[in-house]
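Residue numbers (the numbering used here): 2 to 312.
Here it is, written out as structure tokens:
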């Protein structure tokens with residue numbers, strides 16, 4: 002497979018995963034603003050996804066105007082419409098390597114979100130109803146990819162993009178905690194903060210079922226970092242990343258096996274971590290080490306399969 006094709010497959014899934022994460026974050030944040038005092042709580046999302054200068058360059062009247070901007074603005078490359086456009090461009094260039102159903106699902110998403118009628122109808126709907134409709138496009142995409150895509154090189158590169166992006170999002174959530182450690186000094190605010198964070202990554206229901214307790218910072222960090230069953234935990238995603246890198250190595254016999262070594266080491270480091278060792282090390286240091294390991298893996302993926310310096 003050409004490196005250009007592999008790279009496009011990788012980025013197709015990465016854009017879909019990133020936009021899915023953005024939608025869930027918007028949904029959780031909008032719900033939280035209904036009980037807060039306005040648009041200031043959007044600053045974290047805007048800074049993380051769109052750049053810190055965005056909030057100063059735009060006069061946002063309320064949460065609705067912010068949601069409208071994050072989804073539909075065409076001048077910022079990280080808005081939803083532009084990420085779906087990029088995913089569609091990648092999909093179009095690799096149609097021979099993906100199932101017809103995958104292409105149709107992405108293309109329909111792009112055509113709908115780009116439609117003036119779609120935009121007008123969104124203005125008449127409740128924001129949560131509209132966001133749920135957008136999320137459904139992703140659920141269809143993931144389902145279609147799961148049941149129609151052959152399990153060869155293309156499938157592996159798609160999953161590299163998906164799980165690498167998922168790990169990065171989980172790291173971002175932990176970094177939010179690192180930055181907030183000194184800002185929140187009462188239990189009520191902590192509980193409210195962590196509930197919204199869990200809702201943002203789709204982990205709230207699993208947390209309640211798993212721990213059956215009030216919110217505990219240790220339990221939440223454990224769930225996001227090293228839970229074996231949470232599909233968005235760092236450990237779960239690293240395990241999947243390791244699986245697909247191993248399969249690619251079997252398919253392609255690259256000159257270097259350093260990539261498999263790096264992901265195997267990353268997997269084992271998390272396997273033998275627990276909340277006690279994380280607390281002993283410190284959350285900030287733990288997150289930093291994960292970031293460094295992920296950077297090594299990203300660079301090696303580029304070196305072995307994409308021939309680029311940076312992802």
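Glycine is no exception: its CB is placed at the ideal position from the N, C-alpha and C atoms.
Residue range 4 to 34 is occupied by the alpha helix (DSSP H) that includes residue 23. Under the DSSP assignment, residue 128 falls in the alpha helix (DSSP H) whose first and last residues are 128 to 149.
Between residue 162 and residue 13, the beta carbon gap of about 7 Å places them in contact (Cβ cut-off 8 Å).
When the beta-carbon positions are compared, residue 227 and residue 171 stay at least 8 Å from each other.
Relative to residue 267, the option among 29, 127, 244 whose CA is nearest is 244.
Contact check for residue 103 against residue 146 passes: the beta carbons are separated by less than 8 Å. Within the same chain, Cβ atoms closer than 8 Å to the Cβ of residue 52 are found at 77, 79, the five residues on either side in sequence being excluded. When 207, 195, 202, 119 are compared, the shortest CA-CA separation from residue 216 is found for 195. With at least 16 other beta carbons inside 10 angstroms of its own, residue 175 counts as buried. Taking each of 90, 98, 200 in turn and checking the Cα distance to residue 22, the smallest one comes out for 200. Non-local C-beta neighbours of residue 123 in its own chain, meaning closer than 6 Å and more than five positions away in sequence, comprise 131, ordered along the chain.
Sequence-distant partners of residue 159 (beyond 5 residues in either direction) whose C-beta falls short of 6 Å from its own C-beta, in its chain, are 10, 14.
Proximity to residue 166 across 292, 306, 30 peaks at 292, based on C-alpha coordinates. Around the beta carbon of residue 283, fewer than 16 other beta carbons lie within 10 angstroms, which makes this residue exposed.
In the DSSP assignment, residue 265 falls within the unbroken alpha helix (DSSP H) covering 259 to 272. Assigned with DSSP and collapsed to three states, residue 152 falls in coil, not helix or strand. Contact check for residue 88 against residue 16 passes: the beta carbons are separated by less than 8 Å.
In this structure, residue 27 lies near residue 68, with their beta-carbon atoms less than 8 Å apart. Scanning the stretch 55 to 129 for uninterrupted alpha helix (DSSP H) segments of 4 residues or longer gives 55 to 58, 64 to 73, 81 to 94, 101 to 114, 117 to 123, listed from N- to C-terminal end. The straight-line gap separating the alpha-carbon atoms of residue 43 and residue 70 is approximately 12 Å.
Nearest neighbour of residue 90 by Cα position, chosen from 74, 72, 112, turns out to be 112.
Contact between the stretch 276 to 290 and the stretch 251 to 260 is absent: fewer than 3 CB-CB pairs across the two stretches fall below 8 Å. Annotation: residue 272 to residue 236 spans about 7 Å, alpha carbon to alpha carbon. Assignment of residue 217 by DSSP, reduced to helix, strand and coil, places it in the coil class. Here residue 98 is buried: its Cβ has 16 or more other Cβ atoms, across all protein chains shown, within 10 Å. Closest option to residue 117, judged by alpha-carbon separation, among 73, 100, 95: 73. Taking all protein chains shown into account, residue 140 has fewer than 16 neighbouring C-beta atoms within 10 Å of its C-beta and is therefore exposed. Your pair residue 269 and residue 301 does not check out as a contact, with CB atoms roughly 17 Å apart and the cut at 8 Å. With a beta-carbon spacing of about 21 Å, residue 265 and residue 233 fall beyond the 8 Å limit used to define contacts.
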